[in-house]
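First the structure, in the form of structure tokens, and then the observations on it.
2 protein chains.
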Amino acid sequence: MAEVLDGEHVHLTADEVHARAVAKLPEISRATVYNTLGELVTLGEVLEVSTDQRAKRYDPNAHRPHHHLVCARCGAIRDVHPSGNPLADLPDSERFGFTVSDVEVTYRGVCPNCAAA
Amino acid sequence: MAEVLDGEHVHLTADEVHARAVAKLPEISRATVYNTLGELVTLGEVLEVSTDQRAKRYDPNAHRPHHHLVCARCGAIRDVHPSGNPLADLPDSERFGFTVSDVEVTYRGVCPNCAAA
DNA sequence: TCCTACATTGGACTCAGTCCAAGTCAAATG
DNA sequence: CATTTGACTTGGACTGAGTCCAATGTAGGA
Chain A
282 MAEVLDGEHV
292 HLTADEVHAR
302 AVAKLPEISR
312 ATVYNTLGEL
322 VTLGEVLEVS
332 TDQRAKRYDP
342 NAHRPHHHLV
352 CARCGAIRDV
362 HPSGNPLADL
372 PDSERFGFTV
382 SDVEVTYRGV
392 CPNCAAA
Chain B
282 MAEVLDGEHV
292 HLTADEVHAR
302 AVAKLPEISR
312 ATVYNTLGEL
322 VTLGEVLEVS
332 TDQRAKRYDP
342 NAHRPHHHLV
352 CARCGAIRDV
362 HPSGNPLADL
372 PDSERFGFTV
382 SDVEVTYRGV
392 CPNCAAA
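Residue numbers (my numbering), protein chains in the order written: chain A, 282 to 398; chain B, 282 to 398.
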């Protein structure tokens, strides 16, 4: 089942993952897809991305740290590798006692497609 | 109705906003709260924050640019003002033709409360 | 006073995600 | 080989957040 996501450099919703899974295992249920995605997420194999859209998206590219560029109109997502490490930009005085383990940077804008339309 | 959010430096869900609104205008409906929140968002008076939780949260502090520190356990949110400007860290070559207008940085970690528990 | 325009209501609806009892299968055991 | 056990899967019901819309209420203008 993991193969469904593998090699895809796109960011699918759970339903899209389900649709693809069905192509290979016609009997597979949504519950199983959610279970498996959940596992993959806790294993760190896959990343959950919550955009402004309703549905979460799943990012198979969990191994290379990267950020996301989201189109505010159509919701398209691109991976992006900025320079700089925003974690370093957060001084202790701004941590309020939190144990900060992760940063997630989301750039918002309008993609070329939507800008043209 | 805007007053409900005003002065609150917390990040309420729409339902919490509704609950507070009811305290002042007992007849107010959820639909109205969503309408008003939507307007405030497009006016730029209020910020929508999507965490990993299911419900979006609304941030009344839209005027000072800031980022968020989210507790992965309890979902608590704190405003945070890091140094540095991550927009500048995104070279043109990583913009893929997008018109990038905004960055949103979310630090994830565990808050002191949850760490203690 | 009556009309019109518009915001508000409440309730039905959608959609993503979760839950759970029942079913299925395969490996382990007798 | 037959049976038990345990883990995985199923499908369908359920929940919670958000949206939609027809009906109602209200304010202001003629």
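Here a beta-carbon is modelled for each residue, glycine too, at the ideal position from N, C-alpha and C. Small disclaimer: the values here were computed from a predicted structure and weren't measured.
Go ahead and label residue i buried or exposed: buried means 16 or more other beta carbons lie within 10 angstroms of its beta carbon, across all protein chains shown.
i      : result
A/T323 : exposed
B/Y339 : buried
B/A357 : buried
B/P372 : exposed
A/A302 : buried
A/R359 : buried
A/A283 : Because A/A283 carries a pLDDT of 49, less than 50, the predicted location of this residue cannot be relied on, and the following value inherits that uncertainty. It is exposed - the Cβ of A/A283 has fewer than 16 other Cβ atoms within 10 Å.
B/H344 : exposed
A/C352 : buried
B/G319 : exposed
B/K337 : buried
A/L293 : buried
Where does the unbroken beta strand (DSSP E) through residue i begin, and where does it stop?
i      : result
A/G390 : T380 to V391
A/H348 : H348 to C352
A/R335 : From DSSP, A/R335 is part of no beta strand (DSSP E); its letter is neither H nor E.
A/D370 : Looking at the DSSP string, A/D370 is not in any beta strand (DSSP E), and its letter there is neither H nor E.
A/R359 : I358 to V361
Can you check whether the C-beta of residue i is within less than 8 Å of a C-beta belonging to chain A?
i      : result
B/H362 : yes
B/D340 : no
B/R301 : no
B/P346 : no
B/T380 : yes
B/V298 : no
B/G319 : no
B/A304 : no
B/L350 : yes
B/E391 : According to the sequence displayed, residue 391 of chain B carries Val and not Glu. Chain A contact via Cβ: present.
B/R311 : no
B/E248 : This structure cannot settle anything about residue 248 of chain B, because the visible part of chain B is limited to 282 through 398.
B/V384 : yes
Take residue i and list the residues in its own chain whose beta-carbon comes closer than 8 Å to its own, dropping the five residues that flank it on each side.
i      : result
A/E308 : none
In chain order, what residues of the same chain have a beta carbon less than 6 Å from the beta carbon of residue i, not counting five sequence neighbours either side?
i      : result
B/L321 : V327
A/V384 : P367 and L368
A/S331 : K337
B/V291 : none
Comparing the C-beta of residue i with each C-beta of chain B, is any distance below 8 Å?
i      : result
A/T387 : yes
A/A283 : Caution applies to A/A283, whose pLDDT of 49 falls short of 50 and renders its modelled position unreliable; the model cannot decide the point.
A/R354 : no
A/L371 : yes
A/L328 : no
A/P367 : yes
A/A396 : yes
A/L324 : no
Can you find the residues in the same chain that come closer than 7 Å, C-beta to C-beta, to residue i, ignoring five residues on each side of it along the sequence?
i      : result
B/V361 : H347, H348, H349, L350 and Y388
B/V391 : C352, A353 and R354
With respect to the alpha helix (DSSP H) encompassing residue i, which residues constitute its N-terminal and C-terminal limits?
i      : result
B/V322 : R311 to L324
A/E297 : A295 to K305
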